[in-house]
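S.K.: Using my numbering, read the first sequence as starting at 1 and increasing by one per residue.
Ideal placement from N, C-alpha and C gives every residue a C-beta, glycine not left out.
Pasting in a structure now, in structure tokens, and then I'll have a few things to ask.
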Amino acid sequence: MDNGKVRVRFAPSPTGLLHVGSARTALCNWLFAQRQGGDFILRIEDTDTERSVPRYEKQLIEDLRWLGLEWDEGPNEPGNRAPGKGEYGPYRQSDRLATYVQYAAKLLQEGKAYRCFCTIEELEAERKALMERHMPQVYSGRCRNLASKVIKRNLGAGLPYSIRLKIGEQPLRFQDMVRGSVEFQADAVSDPILVRSGNDTNPGTPVYNFVVTVDDALMGISHVIRGDDHISNTPKQVAIYEAFGWQVPLFAHLSPLLGADRERLSKRHGATSIATFREMGYLPEALVNYLALLGSNKDGKTEIFTAQELVQQFALERITSSPAVFDFDKLDSLNRHYVKSASPIRLAAMAWEYFGGLLPEKEDASDPVLVWFVHLIGLFVPNVDHLDQLTAKALFVFGFDAEVARGRPENAAVLAVDSARVVLTELADRMRAHSLPVTPEVFKQWVEEIKSATGLDGQELHHPMRIAITGTQTGPELDQLIPVIEQGSALGLGVPSVRQRLERFVGV
RNA sequence: GGCGCUAUCGUCUAGGGGUUAGGACGUGAGAUUCUCAAUCUUAAAACACGGGUUCGAUUCCCGUUAGCGCUACCA
Numbered sequence: 001m002d003n004g005k006v007r008v009r010f011a012p013s014p015t016g017l018l019h020v021g022s023a024r025t026a027l028c029n030w031l032f033a034q035r036q037g038g039d040f041i042l043r044i045e046d047t048d049t050e051r052s053v054p055r056y057e058k059q060l061i062e063d064l065r066w067l068g069l070e071w072d073e074g075p076n077e078p079g080n081r082a083p084g085k086g087e088y089g090p091y092r093q094s095d096r097l098a099t100y101v102q103y104a105a106k107l108l109q110e111g112k113a114y115r116c117f118c119t120i121e122e123l124e125a126e127r128k129a130l131m132e133r134h135m136p137q138v139y140s141g142r143c144r145n146l147a148s149k150v151i152k153r154n155l156g157a158g159l160p161y162s163i164r165l166k167i168g169e170q171p172l173r174f175q176d177m178v179r180g181s182v183e184f185q186a187d188a189v190s191d192p193i194l195v196r197s198g199n200d201t202n203p204g205t206p207v208y209n210f211v212v213t214v215d216d217a218l219m220g221i222s223h224v225i226r227g228d229d230h231i232s233n234t235p236k237q238v239a240i241y242e243a244f245g246w247q248v249p250l251f252a253h254l255s256p257l258l259g260a261d262r263e264r265l266s267k268r269h270g271a272t273s274i275a276t277f278r279e280m281g282y283l284p285e286a287l288v289n290y291l292a293l294l295g296s297n298k299d300g301k302t303e304i305f306t307a308q309e310l311v312q313q314f315a316l317e318r319i320t321s322s323p324a325v326f327d328f329d330k331l332d333s334l335n336r337h338y339v340k341s342a343s344p345i346r347l348a349a350m351a352w353e354y355f356g357g358l359l360p361e362k363e364d365a366s367d368p369v370l371v372w373f374v375h376l377i378g379l380f381v382p383n384v385d386h387l388d389q390l391t392a393k394a395l396f397v398f399g400f401d402a403e404v405a406r407g408r409p410e411n412a413a414v415l416a417v418d419s420a421r422v423v424l425t426e427l428a429d430r431m432r433a434h435s436l437p438v439t440p441e442v443f444k445q446w447v448e449e450i451k452s453a454t455g456l457d458g459q460e461l462h463h464p465m466r467i468a469i470t471g472t473q474t475g476p477e478l479d480q481l482i483p484v485i486e487q488g489s490a491l492g493l494g495v496p497s498v499r500q501r502l503e504r505f506v507g508v
């Protein structure tokens, strides 16, 4: 099983959308595997049948792929119980139940585990008493050395029992690649439950600590990279490895991601699932870059990395052991960087869905519409943090209501000034004298003429005109916007031409 | 209560027994542009606290405090 090859795994529970924190764990595993030339394994931990939902498993797989974290071994699509890709399957824990039962029975036979007949009520009372006396809450081990007569009688009476592992006297140690050597005193660790209560007619189910350990060992996992909320589970798992005589892997416990209030990052802090970031129009490479940056750093200066560079410089030892606050602004700045260098065609393809109702279905769109949309998006892309903001920015292209534009308080203030009236009058005069479409050249000429006729320039000259065409005071440069509006108006998308806009606004 | 983890600008971090404690995001100011964005320049901004060790500690050690995790027959 151990041939020295690096094998790591990402083992999510399909109980919800993939969280950025989990995604970071997955990324660390993936980067480590890439860096070491090892295997990256996806294992689905769905032993909690109450909370596991196949839909989430499917989503999880999509999200990982979207991030570019492809695995070497893993399950088939949900519902397909065939072994999956790899030689260590099945990779879904619900398909491995028989294995766990078999391994638990083995420990029981060897006397390394025992039947515990304590009820949950008894255990709770025990814990409570311990707590009141300020003692560590460790199971007393009451059932550890039950006489075989007693066991037989209990069994005969059909009493339910759980299976617990006997923890030895020796301290439980493990090597943690981000924290160094970690040690727990044996008397601070309860005999871990391996299999939940049950009896012969109603067998118990194995618990998490047991199944992960069995799976990690059987799958030849060499490095367990996971969240630090597992750190106090680790001594119990170490004890299980030792009971079987299996080699204990190396661990790396990653500190959690926090919200701005230093609480664990959760939904109330805003977007936290990978699916949501994707829907908002973040680029996967931005997210990957940011997640890799959090809690680790190459030299304190470089911050932009391709996936390849990330792999090259990845070192578990360089990951900070302190928790990190997730900074949405920083993610945005990284995303802006990647958006700027992304191909316009790719961005337009991503952005299409945000313009539902304004554009035809993508499959039905003609080539000119496609090309036009790429140009349009190109104008607005430098102005957004993520692509779903495009809609609001570019909405005015698709529709123009002169009255609404006039009515906006900030516009009204601009238009109320004398110079603005002069500019608009000049513009209206030229519109009346001109019966052809308003091309960029024509518009440019008008600007020059009005400039010399009125002596106005800069904001005083341009702002009223911008409002008359776009209805807002912000946006891409008019020189570039006008041709795109003109092209758009010829495509039958309902985009008003510059002429139509001016007619409505200055009332020709 | 017990056990464990953590502690450098607001945030992510670099650094390390003597440094002007560096970078990035964000923030302020300025330049440029018709506006916004972008870009460029620039400014403010940090070694949690208390004891040691030392000629010297932000750095090493010990405590304190604070935060977080675990303390389940959840994962």
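1) Assign phenylalanine 373 to one of three DSSP states: helix, strand, or coil.
2) Please report the distance separating the alpha-carbon of threonine 470 from that of valine 423.
3) Just checking, does the segment 244 to 252 make contact with the segment 166 to 184 on the three C-beta pairs under 8 Å criterion?
4) Classify glycine 458 as buried or exposed, calling it buried when 16 or more other Cβ atoms lie within 10 Å of its own Cβ.
5) Helix or strand or just coil, what does DSSP make of arginine 164?
6) For arginine 9, which of helix, strand or coil comes out of DSSP?
7) Tell me, which residues are paired with cysteine 116 by DSSP?
8) Kindly indicate the opening and closing residues of the beta strand (DSSP E) around alanine 252.
9) Spatial neighbours of methionine 1 within its chain, please: C-beta separation below 6 Å, excluding the five flanking residues on both sides.
10) Measure from the alpha carbon of glutamate 486 to the alpha carbon of each residue in Gln389, Phe443, Thr454, then state which is nearest.
11) Tell me whether the beta-carbon of isoleucine 44 lies closer than 8 Å to the beta-carbon of glutamine 93.
12) For the beta strand (DSSP E) holding serine 197, just list the boundary residues, first then last.
13) So what's phenylalanine 184 in DSSP terms, helix, strand or just coil?
14) Tell me the rounded alpha-carbon separation between valine 8 and phenylalanine 328.
15) For serine 148, count neighbouring Cβ atoms within 10 angstroms of its own Cβ and tell me buried if that reaches 16, exposed if not.
16) Suppose contacts are defined by Cβ-Cβ distances below 8 Å. Is leucine 31 in contact with alanine 292 by that definition?
17) Measuring straight from C-alpha to C-alpha, what distance separates aspartate 48 and serine 197?
18) Going by beta-carbon coordinates alone, are aspartate 388 and glycine 227 separated by less than 8 Å?
19) So is asparagine 29 buried or exposed if we call it buried at 16+ other beta carbons inside 10 Å?
20) Taking the beta strand (DSSP E) that glutamine 137 falls in, what are its first and last residues?
21) Less than 8 Å between the CB atoms is what I'm expecting for glutamate 172 and valine 214, so what's the real figure, rounded?
M.R.: Per the coordinate set shown:
1) If you number the first sequence from 1, residue 373 lands on position 373. Phenylalanine 373: helix per DSSP, three-state reduction.
2) Indexing the first sequence from 1 puts residue 470 at position 470. Indexing the first sequence from 1 puts residue 423 at position 423. Going from the Cα of threonine 470 to the Cα of valine 423 covers about 16 Å.
3) yes
4) Indexing the first sequence from 1 puts residue 458 at position 458. The residue is exposed, with fewer than 16 neighbouring Cβ atoms inside 10 Å.
5) Position 164 of the first sequence, counting from 1, holds the residue named residue 164. Strand.
6) Against the first sequence, residue 9 aligns to sequence position 9. Strand.
7) Here residue 116 refers to the residue found at position 116 when the first sequence is read from its first residue. According to DSSP, which records beta bridges pairwise, cysteine 116 is partnered with Ser162.
8) Translated into positions along the first sequence, residue 252 becomes position 252. Here the beta strand (DSSP E) through alanine 252 covers 250 to 254.
9) Reading the first sequence from its first residue, position 1 is the one you call residue 1. Annotation note: pLDDT 45 at methionine 1 (below 50); position unreliable, coordinate value reported separately. The answer, listed in chain order, is Gly220.
10) As a first step, residue 486 is located in the first sequence; it is residue number 486 there, counting from the start. Closest option to glutamate 486, Cα to Cα, is Phe443.
11) Mapped onto the first sequence, residue 44 falls at position 44. Mapped onto the first sequence, residue 93 falls at position 93. Taking 8 Å as the Cβ cut-off, isoleucine 44 and glutamine 93 qualify as a contacting pair.
12) Counting from one through the first sequence, the residue named residue 197 turns up at place 197. 193 to 198 is the extent of the beta strand (DSSP E) around serine 197.
13) Indexing the first sequence from 1 puts residue 184 at position 184. The answer is strand: DSSP assigns phenylalanine 184 an E or B state.
14) Within the first sequence, numbered from 1, the residue matching residue 8 stands at position 8. Within the first sequence, numbered from 1, the residue matching residue 328 stands at position 328. Approximately 29 Å, taken between the alpha carbons.
15) Along the first sequence, read from residue 1 onward, the residue named residue 148 stands at position 148. Serine 148 should be labelled exposed.
16) As a position in the first sequence, residue 31 is number 31, starting the count at 1. As a position in the first sequence, residue 292 is number 292, starting the count at 1. Yes, the pair counts as a contact, with Cβ atoms nearer than the cut-off.
17) As a first step, residue 48 must be located in the first sequence, where it is residue number 48. As a first step, residue 197 must be located in the first sequence, where it is residue number 197. If I take the Cα positions, the gap works out to 15 Å.
18) Counting from 1 along the first sequence, the entry for residue 388 is found at position 388. Counting from 1 along the first sequence, the entry for residue 227 is found at position 227. Contact: no.
19) To locate residue 29, count along the first sequence from 1; it is residue 29. Flag for asparagine 29 reads buried.
20) Counted from its first residue, the first sequence places residue 137 at position 137. That residue, glutamine 137, is in no beta strand (DSSP E); it is neither H nor E in DSSP.
21) On the first sequence, residue 172 is found 172 positions in, with the first residue counted as 1. On the first sequence, residue 214 is found 214 positions in, with the first residue counted as 1. It should be noted that the sequence gives leucine, not glutamate, for residue 172. The pair is not a contact, with the Cβ atoms about 18 Å apart (cut-off 8 Å).
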